[in-house]
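These notes concern the structure reproduced below.
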Amino acid sequence: MNNLKNEQGYALVTVLLVVIIFMIISLAFMGQAFSSVKQNQVVEKKSRSVAAAEMGISYYQVEIQKTFESKQQYVSDTIKANSSLRPNFKKEAAKIMAEALENTPIVTPNNAPYYMENFVATTDADPTSYKVNLRFNVVGTDAKKETTLFAKMSIDLDSIINQATVDESNNHQLPTFDTIKLTSGCNTLDCDNVYIDGNGNFSGNNNIKDNQTIFTTGSLNLDGNGNENNKTNVKIHADGAITIHKNMNSGANVIIETKDHATFMQNVKIGGTSKILVNKTLYVNQNLEIANNSLVYVGGTDATIDNNLDILSSSKMCVKGNLSAKNISVDSNSKLYVLGRVWENHKEKFNYTVNLDTFFKECGTQIPPEFNIKWGDNVNTVINDVDYN
0 MNNLKNEQGY ALVTVLLVVI IFMIISLAFM GQAFSSVKQN QVVEKKSRSV
50 AAAEMGISYY QVEIQKTFES KQQYVSDTIK ANSSLRPNFK KEAAKIMAEA
100 LENTPIVTPN NAPYYMENFV ATTDADPTSY KVNLRFNVVG TDAKKETTLF
150 AKMSIDLDSI INQATVDESN NHQLPTFDTI KLTSGCNTLD CDNVYIDGNG
200 NFSGNNNIKD NQTIFTTGSL NLDGNGNENN KTNVKIHADG AITIHKNMNS
250 GANVIIETKD HATFMQNVKI GGTSKILVNK TLYVNQNLEI ANNSLVYVGG
300 TDATIDNNLD ILSSSKMCVK GNLSAKNISV DSNSKLYVLG RVWENHKEKF
350 NYTVNLDTFF KECGTQIPPE FNIKWGDNVN TVINDVDYN
């Protein structure tokens, strides 16, 4: 009997021990499970705040791209308005763009789980680089948990070009007969700068000097007995007609321009990149020779050379009206363009007649397109790096 009671006591103790062991094991599992749940909740919150920050980076990249595109015209206009910025316009464009981006607020959407802070835009310190470097933080939030991501971006402006360098202009401007500028000087031919308010009439021998500028607001008449030969660096302007009674031969780097008629009563021979620019009619009583990269332009109805017209050594003559001469000679390196009719020894010739488009193109000065930046589709904002903090 006693043995039976002892066995029952041992069994009860054993059962209690087993129950206690199971309770301990169960509590351990429950604690571990609870800890895992809490850890998973923390990780989940962390993941959600990281995802929010990454979403913010994608959003701000798009917004920065939009801002960049909206400021392109401003950058172009700023450089266009200041010619001193154009020689290094890529670097200047980067500087102006960086300042514009930094001073333009980027709006965060209402109730967004992220926001931006510490936005900085600078140009690359490398003088050969045309990059705009951007740095900013994006903070992602989830309840009380925040994750900050540091983003670096760049915009490389190396591919932008000056549109004027690639556009071919079809606009040409014919001579305007006002290339010589003078507002004061003496009223005799004794000084280097001669300014006459009204008509200038001079007689005598060898009136014109080398390196002299003569400007009249009226007509100019040189009726001396001496020739005006072998003159260098002479500039003559008359608002009225110009009349030179004696020879003007072997002039080098000479400019003669009149807004009226030009009359040469003897021979004219110019060379060394000289120019005779006549707004109305030209009359040469004897011979006209144009040599060594020189130009004669007649914008009126007629150019008349009583004897020989010779155009030599890469020179050019343009006549907007009709041309007549006793003999016309144009060497293979020179050009003659006549918009009207051409008469040689009273016989009409057709090989020097051109149409209006050709006349403007060959006798005018090309007007280049205005400065304008071509941005191109390949200039975009790019995410360089993101640091997870």
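Going by numbering that gives the first Met the number 0, the residue at position 218 of the sequence shown is 217; the numbering climbs one at a time, nothing skipped.
No residue lacks a Cβ here, since even glycine has one placed at the ideal position from N, Cα and C.
Distance from the CA of residue 140 to the CA of residue 60, rounded to the nearest whole angstrom, comes to 19 angstroms. Per DSSP, the unbroken beta strand (DSSP E) holding residue 114 starts and ends at 113-122.
Rounded to the nearest whole angstrom, the C-alpha separation of residue 290 and residue 317 is 14 angstroms. In the DSSP secondary-structure assignment, residue 133 is bridged to 120, 152. Rounded to the nearest whole angstrom, the C-alpha separation of residue 151 and residue 135 is 7 angstroms.
Looking at 272, 203, 371, the one whose alpha-carbon comes closest to that of residue 223 is 203. Remark: fewer than three beta-carbon pairs, one from each stretch, lie closer than 8 angstroms, so the segment 113-125 and the segment 345-357 are not flagged as touching.
Taken atom to atom, the span from the alpha-carbon of residue 47 to that of residue 66 is near 28 angstroms.
Residues 78, 91 of the same chain have their beta carbon placed closer than 7 angstroms to that of residue 84, with the five preceding and five following residues left out of the count.
Here residue 347 is bridged, per DSSP, to 342. Taking 8 angstroms as the upper bound for CB-CB distance, residue 56 and residue 138 are not in contact here, some 11 angstroms apart. In the DSSP secondary-structure assignment, residue 276 is bridged to 256, 296. Of the candidates 242, 234, 260, 239, the residue whose Cα lies closest to the Cα of residue 251 is 234. By the CB criterion at 9 angstroms, residue 297 and residue 322 fall inside the cutoff. Beta-bridge partners of residue 66 (DSSP): none assigned. Cβ neighbours of residue 281 within its own chain (closer than 6 angstroms, five residues either side excluded): 261, 297, 302. Going by DSSP, residue 214 is part of no alpha helix (DSSP H) but of the beta strand (DSSP E) stretching over 212-215.
Of 306, 218, 99, 72, the smallest CA-CA separation from residue 63 is found for 99.
Contact between residue 127 and residue 52 does not hold, since the beta-carbon distance rounds to 35 angstroms and is not under 8 angstroms.
Contact annotation: residue 292 and residue 306 have beta-carbon atoms that are not nearer than 9 angstroms. Between residue 238 and residue 216 the beta-carbon gap is near 5 angstroms, inside 8 angstroms, which marks them as a contact. Contact check for residue 312 against residue 363 fails: the beta carbons are separated by 9 angstroms or more. Across the structure, residue 255 and residue 265 are spaced so that their CA atoms are roughly 16 angstroms apart. Taking residue 218 as reference, the option from 230, 229, 240 with the minimal CA-CA separation is 240. Annotation: residue 190 is outside any alpha helix (DSSP H) and is labelled neither H nor E by DSSP. Within the segment 305-336, the complete beta strand (DSSP E) segments of 3 residues or longer fall at 315-318, 321-329, listed in chain order.
Nearest in C-alpha terms to residue 129, of all of 309, 365, 87, 200, is 87. Between the C-alpha atoms of residue 288 and residue 308 there is a straight-line separation of about 6 angstroms. The secondary-structure analysis by DSSP pairs residue 247 across a beta bridge with 267. The C-beta distance from residue 310 to residue 335 rounds to 6 angstroms, short enough to meet the 8 angstroms contact threshold. Residue pairing for residue 201: DSSP places it in a beta bridge opposite 221. About 7 angstroms separates the beta carbon of residue 162 from that of residue 368, a gap short enough to meet the 8 angstroms contact definition. Taking the Cα positions, residue 357 is about 22 angstroms away from residue 165. Judged by beta-carbon spacing, residue 133 lies beyond the 9 angstroms limit of residue 159, meaning their Cβ atoms are not closer than that value. When only Cα atoms are considered, residue 108 and residue 54 end up about 12 angstroms apart. Approximately 13 angstroms separates the beta-carbon atoms of residue 327 and residue 295; this is outside 8 angstroms, ruling out the contact.
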